[in-house]
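In UniProt numbering, the protein residues as written are 1 to 164. Virtual Cβ for every residue (Gly too), placed ideally from N, Cα, C. Working notes, structure below.
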């Protein structure tokens with residue numbers, strides 16, 4: 001069984017956000033708000049967590065985050081261009097300076113040869129730069145979503161740490 005360390009990670013994320021006086025917005029598809037939920041499980045998170053967008057449908061991505069419909073048509077909702085647009089849109093449509101976006105196939109249905117179950121695209125907007133990453137997680141729907149939450153938070157911490 002895989003263990004997830006969000007309880008250990010969230011205080012570190014909070015410290016980094018607070019020390020830099022930044023606010024966070026999440027843009028979530030396959031996790032359905034679990035990243036926002038994990039962040040707000042931490043007492044005092046209102047000092048650094050600004051809002052969460054649950055954009056499960058393509059229409060929600062377009063309407064709430066300003067994702068260009070042509071990106072979804074050309075690449076599909078689970079793609080690097082859509083994750084990038086979601087991350088940028090979360091910052092543009094909130095009062096946050098930092099965002100994390102996730103779009104993926106949590107399963108057990110919905111996979112394809114090009115995008116099997118467990119495929120997740122991430123987008124992080126930190127310091128005005130959007131970075132993306134593709135991961136393929138194993139396990140059932142619960143495990144895939146939990147691994148997605150953990151990776152989203154882990155990389156936020158990495159990106160927010162001072163560069164040495």
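query	result
With a CB to CB cut of under 7 Å and the five nearest residues on each side skipped, what residues in its chain are close to residue 27?	53, 55, 65, 86, 87, 89, 90, 99, 101
Just the Cα atoms here: how many angstroms apart are residue 155 and residue 68?	26 Å
Return the Cβ separation of residue 31 and residue 149 in integer angstroms, given the expectation that the two are a contact with Cβ distance under 8 Å.	6 Å
So residue 9 packs on residue 153, CB below 8 Å; how close in whole Å?	5 Å
Please state the DSSP three-state secondary structure of residue 104.	strand
Rounding to the nearest angstrom, what Cα-Cα distance links residue 29 and residue 104 in this structure?	7 Å
Between residue 82 and residue 139, what straight-line distance do the alpha-carbon atoms span, to the nearest angstrom?	24 Å
Going by DSSP in three states, residue 171 sits in which element: helix, strand or coil?	Past the boundaries of the shown model lies residue 171; the chain is included only from 1 to 164, so the question cannot be answered.
Per DSSP, which residues does residue 125 bridge with? Please list them.	99, 130
Sorted by chain position, which residues of the same chain lie with C-beta nearer than 7 Å to residue 79's C-beta, five sequence neighbours on each side aside?	121
Can you find the residues in the same chain that come closer than 7 Å, C-beta to C-beta, to residue 13, ignoring five residues on each side of it along the sequence?	153, 156, 157
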